[in-house]
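Chains as they are written, first to last, in the numbering used here: chain R, 17 to 169; chain Z, 17 to 169. Step one of this worksheet: look at the structure below.
There are 2 protein chains.
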Amino acid sequence: MADTHRPADDAARALAAGLLEARHGALGTVLAGAPLVTRVGVLRLPGQGMGMLLSDLSDHARALAETPAASILPGEVAGKDDPMTQPRLTLVGHVQTVEKADLRARWLAARPKAQLYFDFADFRIWCLRPDSALLNAGFGRAHRLSPSDLGLG
Amino acid sequence: MADTHRPADDAARALAAGLLEARHGALGTVLAGAPLVTRVGVLRLPGQGMGMLLSDLSDHARALAETPAASILPGEVAGKDDPMTQPRLTLVGHVQTVEKADLRARWLAARPKAQLYFDFADFRIWCLRPDSALLNAGFGRAHRLSPSDLGLG
Numbered sequence: 017m018a019d020t021h022r023p024a025d026d027a028a029r030a031l032a033a034g035l036l037e038a039r040h041g042a043l044g045t046v047l048a049g050a051p052l053v054t055r056v057g058v059l060r061l062p063g064q065g066m067g068m069l070l071s072d073l074s075d076h077a078r079a080l081a082e083t084p085a086a087s088i089l090p091g092e093v094a095g096k097d098d099p100m101t102q103p104r105l106t107l108v109g110h111v112q113t114v115e116k117a118d119l120r121a122r123w124l125a126a127r128p129k130a131q132l133y134f135d136f137a138d139f140r141i142w143c144l145r146p147d148s149a150l151l152n153a154g155f156g157r158a159h160r161l162s163p164s165d166l167g168l169g
Numbered sequence: 017m018a019d020t021h022r023p024a025d026d027a028a029r030a031l032a033a034g035l036l037e038a039r040h041g042a043l044g045t046v047l048a049g050a051p052l053v054t055r056v057g058v059l060r061l062p063g064q065g066m067g068m069l070l071s072d073l074s075d076h077a078r079a080l081a082e083t084p085a086a087s088i089l090p091g092e093v094a095g096k097d098d099p100m101t102q103p104r105l106t107l108v109g110h111v112q113t114v115e116k117a118d119l120r121a122r123w124l125a126a127r128p129k130a131q132l133y134f135d136f137a138d139f140r141i142w143c144l145r146p147d148s149a150l151l152n153a154g155f156g157r158a159h160r161l162s163p164s165d166l167g168l169g
């Protein structure tokens with residue numbers, strides 16, 4: 017089937033940049049061979065990817081430890097219009113853990129409520145580095161974006 | 017690792033029922049072996065599962081045609097509190113297509129804005145029948161639920 021998606025342009029990059037400022041998102045992983053979608057807190061780490069602070073006790077962290085391929089849909093629907101006419105962004109890539117201590121000040125400055133659990137021994141920061149992204153800017157307006165289009169390359 | 021999740025109880029079932037009334041959700045699929053999360057419109061179909069009206073031209077429909085295993089996180093974060101302290105529900109199961117014509121009146125009564133595209137030839141209704149569900153009712157309060165706990169068995 018032909019790919020009906022458009023390449024990136026400045027408007028698509030700007031829209032994606034706004035969506036990447038989300039405080040949380042839906043994380044897609046594979047656990048025991050089956051897709052799993054869970055809500056996670058996220059923080060954009062420029063030049064690196066999307067950071068997530070996850071408990072090792074969670075199903076999604078078990079999934080990522082097993083299979084590092086993952087996807088994130090950041091943010092949520094704004095307003096009351098049909099969600100299918102509103103912009104959304106899907107990141108597809110791979111995760112790795114990053115050193116939590118190095119990110120502590122930055123994370124808590126951006127996500128102060130996370131201080132309730134940031135230091136728990138079972139919490140680690142995972143970073144999703146996108147291989148590609150799909151921006152749906154509204155009905156029939158879909159773009160494929162690269163990591164550099166997202167500032168996460 | 018021990019499963020730290022609690023079984024279902026009436027409060028968990030009631031919370032899940034409310035979350036299943038969502039108008040949209042995050043769909044997790046596997047496309048070419050990689051997890052993919054996308055936003056989709058949903059409609060609870062009692063006794064059957066969660067219905068989704070999807071274009072065959074979309075990445076998620078291609079994924080489902082390839083691999084019917086899927087997951088849905090319905091709805092979104094309500095309010096301004098830390099999203100990680102708010103209830104959320106993950107369904108894990110399998111999809112099948114259902115006859116669009118049979119559901120037309122019901123779908124459009126519940127989702128009138130979908131009449132813009134409901135009749136497009138490339139749109140089909142897929143139904144996710146859950147095999148299991150995970151309700152996170154707030155920090156440290158997680159339950160495993162069955163299809164019958166959800167009214168989707």
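In this text, a Cβ means the ideal position worked out from N, Cα and C, and glycines have one as well.
Quick one, which of the options has its alpha-carbon nearest residue i's?
i	options	result
A81 (chain R)	R:C143, R:R157, R:R122, R:R160	R:C143
L89 (chain R)	R:G34, R:S74, R:S71	R:G34
F136 (chain R)	R:P99, R:M100, R:T106, R:K116	R:K116
L43 (chain R)	Z:L105, Z:A77, Z:V111	Z:L105
N152 (chain Z)	Z:R127, Z:L107, Z:S74	Z:L107
L166 (chain R)	R:R127, R:T101, R:D25	R:D25
P99 (chain Z)	R:H40, R:R22, R:L161, R:R160	R:H40
L70 (chain Z)	Z:G63, Z:A79, Z:A27, Z:G49	Z:A79
I141 (chain R)	R:P62, R:A77, R:T45	R:A77
Q85 (chain R)	R:A50, R:A94, R:A130	Sequence inspection shows Ala at residue 85 (chain R); the Gln mentioned does not correspond to that position. The shortest C-alpha separation from A85 (chain R) is found at R:A50.
R127 (chain R)	R:S148, R:A28, R:V46, R:V56	R:V56
S87 (chain Z)	R:P62, R:T113, R:L47, R:T83	R:L47
A38 (chain R)	Z:P146, Z:W123, Z:T83, Z:E92	Z:E92
T113 (chain R)	R:A130, R:K129, R:D138, R:Q102	R:D138
P62 (chain Z)	Z:A130, Z:P146, Z:R157	Z:P146
L150 (chain Z)	R:A149, R:Y133, R:D75	R:D75
T101 (chain R)	Z:Q131, Z:R60, Z:T45	Z:Q131
T83 (chain Z)	Z:Q64, Z:T45, Z:R60, Z:M66	Z:T45
Would residue i pass as a contact of residue j if the rule is Cβ separation under 8 Å?
i	j	result
P163 (chain Z)	G154 (chain Z)	no
M68 (chain R)	V58 (chain R)	yes
L73 (chain Z)	T20 (chain R)	yes
R22 (chain Z)	H110 (chain Z)	no
A27 (chain Z)	L161 (chain Z)	no
R122 (chain Z)	F134 (chain Z)	no
For residue i, which three-state DSSP category applies?
i	result
A126 (chain Z)	helix
H110 (chain Z)	strand
D165 (chain R)	helix
G34 (chain Z)	helix
L47 (chain R)	strand
R157 (chain R)	coil
P90 (chain Z)	strand
R145 (chain Z)	strand
L2 (chain R)	Within the shown structure, residues of chain R are numbered from 17 to 169, placing residue 2 (chain R) beyond reach of any answer.
T20 (chain R)	coil
R140 (chain Z)	strand
R29 (chain R)	helix
T83 (chain R)	coil
L73 (chain R)	coil
R39 (chain Z)	coil
Would you say residue i faces chain Z, with C-beta separation under 8 Å as the test?
i	result
P51 (chain R)	yes
M66 (chain R)	no
R39 (chain R)	yes
G44 (chain R)	yes
D75 (chain R)	yes
R55 (chain R)	yes
Mind checking the region 85-107 of chain Z against chain R and listing, in chain order, the residues whose C-beta falls within less than 7 Å of any C-beta there? A85, A86, S87, I88, L89, E92, V93, D98, P99, M100, R104, T106
Got a sec: which bits of the region 134-156 of chain Z sit with their beta carbon under 9 Å from any beta carbon on chain R, in order along the chain? D147, L150, N152, F155
Using a Cβ-Cβ cutoff of 7 Å, what residues of the region 113-124 of chain R are near chain Z? List them in chain order. none
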